[in-house]
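Asker: The numbering used here puts the first residue of the sequence shown at 685, with every later residue one more than the last.
Cβ coordinates follow ideal geometry from the N, Cα and C atoms, glycine included.
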Amino acid sequence: MSKLTLCPTIFLDSYTIYRYLILSSICIQFAFCQSCKSTPFYDSTAEQCKASALGFATAENMNNALAVVVYNEDSVFPLHKPERTFKYCDRDIVIKQDWSGLGVAAVVWDAAEVLSEYLENSADIVKDKTVIELGAGTGLVGIVASLLGAKTTITDREEVLQYLQTTVKSNLPGAIYKNTQILPLDWTRDLDKFHTTYDVILGADIVYIEEVFDDLLSTLIQLSNKETVILLSCRIRYDRDTNFLNRLEDHFDVVKVLYSKEKDVNLYKMTKR
Ligand SMILES: C[S@@+](CC[C@H](N)C(=O)[O-])C[C@H]1O[C@@H](n2cnc3c(N)ncnc32)[C@H](O)[C@@H]1O
685 MSKLTLCPTI FLDSYTIYRY LILSSICIQF AFCQSCKSTP FYDSTAEQCK
735 ASALGFATAE NMNNALAVVV YNEDSVFPLH KPERTFKYCD RDIVIKQDWS
785 GLGVAAVVWD AAEVLSEYLE NSADIVKDKT VIELGAGTGL VGIVASLLGA
835 KTTITDREEV LQYLQTTVKS NLPGAIYKNT QILPLDWTRD LDKFHTTYDV
885 ILGADIVYIE EVFDDLLSTL IQLSNKETVI LLSCRIRYDR DTNFLNRLED
935 HFDVVKVLYS KEKDVNLYKM TKR
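1. With DSSP as the reference, label residue 948 as helix, strand or coil.
2. By the 10 Å Cβ neighbour count, where 16 or more other Cβ atoms means buried, how is residue 873 classified, buried or exposed?
3. Let's see if you can read the secondary structure: which residues bound the beta strand (DSSP E) around residue 836?
4. Output the distance between the C-alpha atoms of residue 939 and residue 953, rounded to the nearest integer angstrom.
5. I'd like the span of the alpha helix (DSSP H) that includes residue 770, first residue to last.
6. Could you pull the start and end residues of the alpha helix (DSSP H) that residue 925 belongs to?
7. Alpha carbon to alpha carbon, how far is residue 724 from residue 798?
8. For residue 942, which residues from the same chain have a beta carbon less than 6 Å from its beta carbon, with the 5 sequence-adjacent residues on both sides left out?
9. Counting beta carbon pairs with one atom in the segment 843 to 859 and one in the segment 768 to 783, are three or more of them shorter than 8 Å?
10. Starting from residue 825, follow the alpha helix (DSSP H) in both directions and report where the run begins and ends.
11. Mind checking residue 887: buried by the 16 CB within 10 Å criterion, or exposed?
12. Using the Cα positions of residue 865 and residue 947, report the straight-line distance between them to the nearest angstrom.
13. Inspect the CB distances between the segment 900 to 907 and the segment 828 to 837 and report whether three or more fall short of 8 Å.
14. To the nearest angstrom, how far is it from the Cα of residue 789 to the Cα of residue 957?
15. Just mark residue 880 as buried or exposed, buried being the case when its beta carbon has 16 or more other beta carbons within 10 Å.
16. Give the straight-line distance between the Cα atoms of residue 750 and residue 765, rounded to the nearest whole angstrom.
17. Taking only the alpha-carbon atoms, compute the straight-line gap between residue 927 and residue 891 and give it to the nearest angstrom.
18. Look up residue 955 in the DSSP assignment and say whether it is helix, strand or coil.
19. In the DSSP assignment, find the unbroken beta strand (DSSP E) run with residue 780 in it and report its ends.
20. Just the C-alpha distance for residue 761 and residue 767, rounded to the nearest angstrom, thanks.
21. Nearest CA to the CA of residue 811: which residue from 868, 884 and 856?
22. Cα separation between residue 817 and residue 945?
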């Protein structure tokens with residue numbers, strides 16, 4: 685068996701080095717999973733996280749050096765995939781993600797999938813309605829609303845607008861895209877540019893920054909009238925998220941219409957009091 689001399693007194697055979705490398709890689713993967721769970725933007729089930737680790741080295745392949753898989757495309761944490769394809773309204777919706785460049789806004793969160801699926805199954809809510817999406821990110825939900833026949837305004841912060849525009853444009857047929865607006869709306873400073881109310885307000889995973897909860901509440905109040913249907917899909921990560929949802933009840937009738945166990949996402953339907 686070949687030996688590696690690290691210093692005059694330490695000799696490691698290749699099997700020991702191999703075991704050391706495998707153990708280190710598992711420790712790194714474990715640390716990654718722990719950190720992604722604790723971030724406010726942790727958006728994976730424990731299973732997804734575990735799968736990510738397993739793509740690197742499994743218990744089985746630990747016993748079989750030839751079976752070690754260093755990279756497995758299917759096990760990549762969904763938020764880190766450069767591109768994801770979703771199927772809604774009989775169309776492939778292709779979203780290019782940019783987690784490392786634009787962060788939370790440029791990846792599709794589970795809440796967006798839950799809300800998109802709900803809309804697809806309840807198309808009447810948005811068909812021929814004026815719809816605004818808040819904190820749209822990739823714009824997946826707004827794209828689905830547009831495809832279902834809504835007159836949609838898709839909004840987010842100025843910083844992500846160009847990315848949002850590109851994603852929306854590449855996924856909508858020309859005629860529908862022409863009827864879809866993409867506008868900057870930062871709840872903390874752009875509200876005075878919006879002078880109308882909408883039939884429907886959509887928001888996926890937008891309840892997470894405590895500092896802007898007041899502004900988000902003001903936005904929901906200003907953009908709605910008594911007929912407006914507000915749909916918020918949320919993963920509850922912290923008590924502060926629940927507290928904010930409770931605060932909404934001072935102004936809106938709030939009903940939880942759905943809980944996706946698979947994705948750990950709640951969907952709330954609200955109308956103004
Ligand atoms: C977790 S991401 C959700 C993105 C998308 N709705 C989804 O579910 O895939 C939160 C979104 O809220 C937006 N956001 C954060 N603060 C905002 C603010 N003050 N005004 C408007 N949008 C904001 C971010 O830019 C981001 O797109």
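Answerer: Taking the geometry as given:
1. Here residue 948 refers to the residue found at position 264 of the sequence shown. Coil at residue 948, not helix or strand.
2. Against the sequence shown, residue 873 aligns to sequence position 189. Its Cβ having fewer than 16 others within 10 Å, residue 873 is exposed.
3. Counted from its first residue, the sequence shown places residue 836 at position 152. Residue 836 -> beta strand (DSSP E) spans 835 to 840.
4. On the sequence shown, position 255 is the one that residue 939 refers to. On the sequence shown, position 269 is the one that residue 953 refers to. The C-alpha of residue 953 is placed about 5 Å away from the C-alpha of residue 939.
5. In the sequence shown, the residue the question calls residue 770 occupies position 86. No alpha helix (DSSP H) contains residue 770, which is instead part of the beta strand (DSSP E) from 767 to 772.
6. Position 241 of the sequence shown holds residue 925. 923 to 932 is the span of the alpha helix (DSSP H), which, as asked, contains residue 925.
7. Working through the sequence shown from its first residue, we reach residue 724 at position 40. Working through the sequence shown from its first residue, we reach residue 798 at position 114. Confidence is the limiting factor: at residue 724 the pLDDT is only 41, short of 50, which leaves the residue's position unreliable, though a coordinate-based value still follows. Approximately 19 Å, taken between the alpha carbons.
8. Here residue 942 refers to the residue found at position 258 when the sequence shown is read from its first residue. Cβ neighbours of residue 942 beyond the five flanking positions: 951.
9. yes
10. By 1-based counting over the sequence shown, the position of residue 825 is 141. 824 to 831 is the extent of the alpha helix (DSSP H) around residue 825.
11. One-based indexing of the sequence shown puts residue 887 at position 203. Buried, because 16 or more other Cβ atoms sit within 10 Å of the Cβ of residue 887.
12. By 1-based counting over the sequence shown, the position of residue 865 is 181. By 1-based counting over the sequence shown, the position of residue 947 is 263. Cα-Cα distance, rounded: 29 Å.
13. With fewer than three CB-CB distances shorter than 8 Å, the segment 900 to 907 does not count as touching the segment 828 to 837.
14. Residue mapping note: residue 789 aligns to position 105 of the sequence shown, counting from 1. Residue mapping note: residue 957 aligns to position 273 of the sequence shown, counting from 1. When rounded, the distance between both Cα atoms is 31 Å.
15. Numbered from 1 along the sequence shown, position 196 holds the residue referred to as residue 880. Exposed, since its Cβ has fewer than 16 Cβ neighbours within 10 Å.
16. For the purposes of this step, residue 750 is taken as the residue at position 66 of the sequence shown. For the purposes of this step, residue 765 is taken as the residue at position 81 of the sequence shown. Residue placement at residue 750 is flagged as unreliable, the pLDDT there being 47, under the threshold of 50; the coordinate-derived value follows with that caveat. Looking at the two C-alpha atoms, the distance is approximately 26 Å.
17. Position 243 of the sequence shown, counted from the start, is the residue given in the question as residue 927. Position 207 of the sequence shown, counted from the start, is the residue given in the question as residue 891. Cα to Cα, residue 927 sits roughly 11 Å from residue 891.
18. Along the sequence shown, read from residue 1 onward, the residue named residue 955 stands at position 271. Residue 955 falls in the strand class under three-state DSSP.
19. Counting from one through the sequence shown, the residue named residue 780 turns up at place 96. Residue 780 -> beta strand (DSSP E) spans 775 to 780.
20. Position 77 of the sequence shown, counted from the start, is the residue given in the question as residue 761. Position 83 of the sequence shown, counted from the start, is the residue given in the question as residue 767. Taking the straight line from one Cα to the other gives about 12 Å.
21. Walking along the sequence shown from the start, residue 811 turns up at place 127. Comparing Cα positions, the closest option is 884.
22. Position 133 of the sequence shown holds residue 817. Position 261 of the sequence shown holds residue 945. Each residue's alpha carbon lies about 24 Å from the other.
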